[in-house]
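Enquirer: Take this structure first; my questions come after.
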Amino acid sequence: MKGPYAKIFIILIIVFLIPAISYTVFEINSLTEDEEMIKEIYSNQLDAILFSVNQSSNDIAEAWSNKVLEKIDDRHEGDDPNFEEILHDNLYLNAVVLFDDLWLEKSKVFMKSDTIDLKTYTNQLKLSLGGNKAKIDKLMGFMENGYRKLEPLGNIGNGKNNPYNDNLLVFVVDRGEDFYQYAGILIDPRYFIEQALAPKMQAISQEKFIITAINSLDNSLVYATESTQASLSRQQRTFWLFPDYYLGIVLKGKTMETLVQERAATNILLLLGLNLALFGGLWLVFRNMKKALQLAQAKSDFVSNVSHEIRTPLSLISMFAETLQMNRLQDENKKKEYYKVIGQEANRLAGIVNKILNFSKMEANKKVYQFQSEDLNDIVNEVLKIYDYHLKNNGFAYQVINNEDNLPVNVDKSAIEEAVINLIDNAMKYSGQNHSIVIETGIEGEYAYVSVKDHGIGISKADRMHIFDKFYRVDMGEVHNTKGTGLGLTLVKHIADAHGGKIDLVSQLGEGSTFRVLVPRINAQ
């Protein structure tokens, strides 16, 4: 580790690791001296248990509010929703109410039992809704911000003369102007606690705590995980769903002193574990920063290399165009040759630009392929017609070995052409002194393939693992000095994958490389 990477690592240690270690030393020394702090931490842990019970009750209510919304969505236009299944499946769910912001001018109450006086029940609902108008108005504001809140309004009616024990939970429907804007579910708290929450409370207590549910109106015990007078516990929290009920929790078995000692030991282990995790995270951050710097450098090299790649065809186009423009050529055949070169170099320049654009689309997952039936031999031959001058102008001799049979494939023609061009460009750049390339088509199992073989410098085993990564270029000698975008092979692999094919590589240092793109054949046996 040297250079800027070492500096970055030292800065990360100073900023993150040293303060964390210092804090750990301080915390370990203070744990044994301040037991009150430990008691407070443990008290917070008990609060977390009560929070878990509350969260579980809230999740259940949210699930049933979602079922209500589903039933509303499933209704036929003009019909009322069918809540019979919801009400039948839950003893603690007694009714569903739908209403608008005009406070029951447009309302509907769906009752589980037909023995309850609907008129009296509805009047109690009106009292509850009217007395909580401000809370209900806020629900629409939450909804406008993308959050559907479940608002508990407590016991319906005025409490004293109310013959019903149901608690009302209200939420926004927001299913269009032609329907109700709000809905509510009416739950019997005692049944809900005994049936829905009891298993959760038992699972959490695990014979270490005693958890109770208390009715604060008459201080009666609704449920306890075991027989106890735990209702006298000072560790209490109100039910989120039922304002008139609260949860209590007391320790069982161990004394607070024992728990303090155990908690101190646990905290020490947690702090040490935290430091180990922080060190691991620090190392990951450093690695990611190192990769980011390397990628930034690769992008800088990419801009430089692309400029060089574009300059070559532009120079040829400019030179030949200037010659033609000044009418220096009298031989018509020579003029046609120059026009042909200009066209070929323009196509090559367009290919470089398309390579960059296609890479950008690929990165954004916006690349769309147009598949149709083509012959792989024809695609390769058309590419070589365009690249013939470029190959010969750079001193390359090439051999084409077409498979004797037709090679029907379902492909995006322009994408396969681009893949072949990239492989030829790659072979030209890394052929070293041996300017000989072999392009071959053939069949392997259910695939048709095109391969490009050079006799150049080859690729080491270590570099073969990364050769298809974007912007990756071998950082050594002649390879590093060869200009290129670092995108060609990345695009080739993406094209092969998009066609349900694959790409393979055979290479040895100093002996050359052979790349093959394989795509599924049509009607392959």
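Under the numbering used here, the sequence shown has 135 at position 135, and the numbering climbs by one with no breaks. Here a beta-carbon is modelled for each residue, glycine too, at the ideal position from N, C-alpha and C.
Could you check the C-alpha separation between Asn365 and Ala321 for me, to the nearest Å?
Expert: In the sequence shown, counting from the first residue as 1, residue 365 sits at position 365. In the sequence shown, counting from the first residue as 1, residue 321 sits at position 321. If I take the Cα positions, the gap works out to 39 Å.
Enquirer: Does Glu374 come out as helix, strand or coil in the three-state DSSP assignment?
Expert: For the purposes of this step, residue 374 is identified with residue 374 of the sequence shown, where counting begins at 1. Reduced to three states, the DSSP call for Glu374 is strand.
Enquirer: Using only alpha-carbon positions, find the residue among Leu270, Ala496, Leu217, Pro313 that is nearest to Tyr245.
Expert: What you label residue 245 is simply residue 245 of the sequence shown in a count that begins at 1. It is Leu217 whose Cα lies nearest to the Cα of Tyr245.
Enquirer: Kindly list the residues whose CB is nearer than 8 Å to the CB of Ser231, restricted to its own chain and excluding five residues on each side of it in sequence; keep chain order.
Expert: The residue labelled residue 231 in the question sits at position 231 within the sequence shown. Since pLDDT at Ser231 reaches only 44, below the 50 mark, its modelled position is unreliable, and no value is offered.
Enquirer: Evaluate Gly477 with the Cβ neighbour count: other Cβ atoms within 10 Å of its Cβ, from every protein chain shown; 16 or more gives buried, anything less gives exposed.
Expert: Position 477 of the sequence shown, counting from 1, holds the residue named residue 477. The pLDDT assigned to Gly477 is 46, lower than 50, so where the model puts this residue is not dependable, and the model offers no usable value.
Enquirer: Considering only the beta carbon of each residue, do Asp375 and Leu407 sit closer than 8 Å?
Expert: Numbered from 1 along the sequence shown, position 375 holds the residue referred to as residue 375. Numbered from 1 along the sequence shown, position 407 holds the residue referred to as residue 407. Against a cut-off of 8 Å, the Cβ pair of Leu407 and Asp375 comes out as a contact.
Enquirer: Out of Phe192, Gly500, Glu84, Lys112, which one is the CA nearest neighbour of Asn410?
Expert: As a working note, residue 410 is residue 410 in the sequence shown. With distances taken between Cα atoms, Asn410 lies closest to Gly500.
Enquirer: How far does the beta strand (DSSP E) with Ile86 in it extend, from its first residue to its last?
Expert: Taking the first residue of the sequence shown as position 1, residue 86 is located at position 86. No beta strand (DSSP E) contains Ile86, which is instead part of the alpha helix (DSSP H) from 84-89.
Enquirer: Out of curiosity, what's the CA-to-CA distance linking Ile317 and Ala415?
Expert: The residue given as residue 317 occupies position 317 in the sequence shown. The residue given as residue 415 occupies position 415 in the sequence shown. Rounded to whole angstroms, Ile317 to Ala415 spans 25 Å at the Cα level.
Enquirer: Measuring CA to CA, which of Gly130, Trp64, Ser56, Ile310 is closest to Gln202?
Expert: In the sequence shown, residue 202 corresponds to position 202, counting from 1. Checked all of Gly130, Trp64, Ser56, Ile310; the closest Cα to Gln202 is Ser56.
Enquirer: In this structure, does DSSP put Asn219 in helix, strand or coil?
Expert: For the purposes of this step, residue 219 is taken as the residue at position 219 of the sequence shown. Coil, per DSSP.
Enquirer: Pick out whichever of Ile60, His435, Asn402, Leu357 has its Cα sitting closest to the Cα of Thr441.
Expert: Counting from 1 along the sequence shown, the entry for residue 441 is found at position 441. Nearest option by C-alpha distance: Asn402.
Enquirer: DSSP three-state call for Thr225: helix, strand or coil?
Expert: Position 225 of the sequence shown holds residue 225. Coil, per DSSP.
Enquirer: Thinking C-alpha only, which one of Met143, Asn167, Gly141, Lys138 is nearest Pro152?
Expert: To locate residue 152, count along the sequence shown from 1; it is residue 152. Nearest C-alpha to Pro152: Asn167.
Enquirer: What does DSSP give as the partner residue(s) for Arg516 in the beta ladder?
Expert: On the sequence shown, position 516 is the one that residue 516 refers to. Answer is Ser451, Asp504, bridged to Arg516.
Enquirer: Check whether the Cβ atoms of Ala196 and Ile60 lie closer than 8 Å to each other.
Expert: Here residue 196 is taken as the residue at index 196 of the sequence shown, counted from 1. Here residue 60 is taken as the residue at index 60 of the sequence shown, counted from 1. Yes, these two residues count as a Cβ contact at 8 Å.
Enquirer: Is it the case that the Cβ atoms of Lys112 and Leu98 are separated by a distance below 8 Å?
Expert: For the purposes of this step, residue 112 is taken as residue 112 along the sequence shown, with counting starting at 1. For the purposes of this step, residue 98 is taken as residue 98 along the sequence shown, with counting starting at 1. No.
Enquirer: Under the three-state reduction of DSSP, which class applies to Tyr398: helix, strand or coil?
Expert: If you number the sequence shown from 1, residue 398 lands on position 398. In the structure shown, Tyr398 sits in a strand (DSSP, three-state: E or B).
Enquirer: So, is Trp283 buried or exposed, given that buried needs 16 or more other C-beta atoms within 10 angstroms?
Expert: Here residue 283 refers to the residue found at position 283 of the sequence shown. Looking at its Cβ environment, which holds fewer than 16 other Cβ atoms inside 10 Å, Trp283 is exposed.
Enquirer: State the Cα-Cα distance for the pair Val96 and Glu70, rounded to the nearest angstrom.
Expert: Taking the first residue of the sequence shown as 1, we reach residue 96 at position 96. Taking the first residue of the sequence shown as 1, we reach residue 70 at position 70. Rounded to whole angstroms, Val96 to Glu70 spans 13 Å at the Cα level.
Enquirer: CA-CA distance, Asn82 and Ile204?
Expert: Residue mapping note: residue 82 aligns to position 82 of the sequence shown, counting from 1. Residue mapping note: residue 204 aligns to position 204 of the sequence shown, counting from 1. Straight-line Cα distance between these residues: approximately 36 Å.
Enquirer: I'd like the ranges of any alpha helix (DSSP H) spanning at least 4 consecutive residues and lying wholly in the segment 98-139.
Expert: DSSP runs (the alpha helix (DSSP H)) wholly in the segment 98-139: 118-130.
Enquirer: Can you round the beta-carbon distance between Tyr455 and Phe396 to whole angstroms, since I take them to be within the 8 Å contact cut?
Expert: Mapped onto the sequence shown, residue 455 falls at position 455. Mapped onto the sequence shown, residue 396 falls at position 396. As written in the sequence, residue 455 is His, which differs from the Tyr given in the question. Wrong, their Cβ atoms sit about 11 Å apart, outside the cutoff.
Enquirer: Going by DSSP, what residues sit across from Asn155 in a beta bridge?
Expert: Counted from its first residue, the sequence shown places residue 155 at position 155. Its beta-bridge partners are Asn167.
Enquirer: Could you tell me how far apart the beta carbons of Asn155 and Asp188 are, in whole angstroms, since I believe they sit closer than 8 Å?
Expert: Residue 155 sits at position 155 when you count from the first residue of the sequence shown. Residue 188 sits at position 188 when you count from the first residue of the sequence shown. Their Cβ separation, rounded to whole angstroms, is 11 Å, which puts Asn155 and Asp188 out of contact at 8 Å.
Enquirer: For Lys612, tell me which candidate among Asn90, Gln372, Lys493 has the shortest Cα-Cα distance.
Expert: Residue 612 lies beyond the stretch modelled for the chain, which goes from 1 to 525, so this question has no answer here.
Enquirer: DSSP three-state label for Met143, please.
Expert: Within the sequence shown, the letter at position 143 stands for residue 143. Residue state, collapsed to three classes: helix.
Enquirer: Taking DSSP as the reference, what is the three-state secondary structure of Asn406?
Expert: Looking up residue 406 in the sequence shown gives position 406. Reduced to three states, the DSSP call for Asn406 is coil.
Enquirer: Around the C-beta of Met428, are 16 or more other C-beta atoms found within 10 angstroms, so that it is buried, or is it exposed?
Expert: One-based indexing of the sequence shown puts residue 428 at position 428. Met428 should be labelled buried.
Enquirer: In terms of DSSP beta bridges, what is Tyr245 paired with?
Expert: Position 245 of the sequence shown, counting from 1, holds the residue named residue 245. Looking at the DSSP assignment, Tyr245 forms a beta bridge with Asn215.
Enquirer: So is Ile124 buried or exposed if we call it buried at 16+ other beta carbons inside 10 Å?
Expert: Locating residue 124 in the sequence shown gives position 124, where the first residue counts as 1. Note that residue 124 corresponds to Gln in the displayed sequence, not to Ile. Buried.
Enquirer: Helix, strand or coil for Ser431? Go by DSSP, reduced to three states.
Expert: In the sequence shown, counting from the first residue as 1, residue 431 sits at position 431. Of the three classes helix, strand and coil, the one that applies to Ser431 here is coil, per DSSP.
Enquirer: Taking the alpha helix (DSSP H) that Ser205 falls in, what are its first and last residues?
Expert: As a position in the sequence shown, residue 205 is number 205, starting the count at 1. Element bounds for Ser205: 198-205.
Enquirer: Pairs of beta-carbons, one from the segment 381-401 and one from the segment 513-521, closer than 8 Å: are there three or more?
Expert: No, the segment 381-401 is not in contact with the segment 513-521.
Enquirer: To the nearest angstrom, how far is the alpha carbon of Glu345 from that of Arg464?
Expert: What you label residue 345 is simply residue 345 of the sequence shown in a count that begins at 1. What you label residue 464 is simply residue 464 of the sequence shown in a count that begins at 1. Using only the alpha carbons, I get a separation of about 31 Å.
Enquirer: Assuming Asp425 and Gly488 make a contact with CB atoms under 8 Å, what is their CB distance in whole Å?
Expert: Taking the sequence shown and counting its residues from 1, the one referred to as residue 425 is at position 425. Taking the sequence shown and counting its residues from 1, the one referred to as residue 488 is at position 488. At roughly 6 Å, the Cβ-Cβ gap stays under 8 Å, so Asp425 and Gly488 are in contact.
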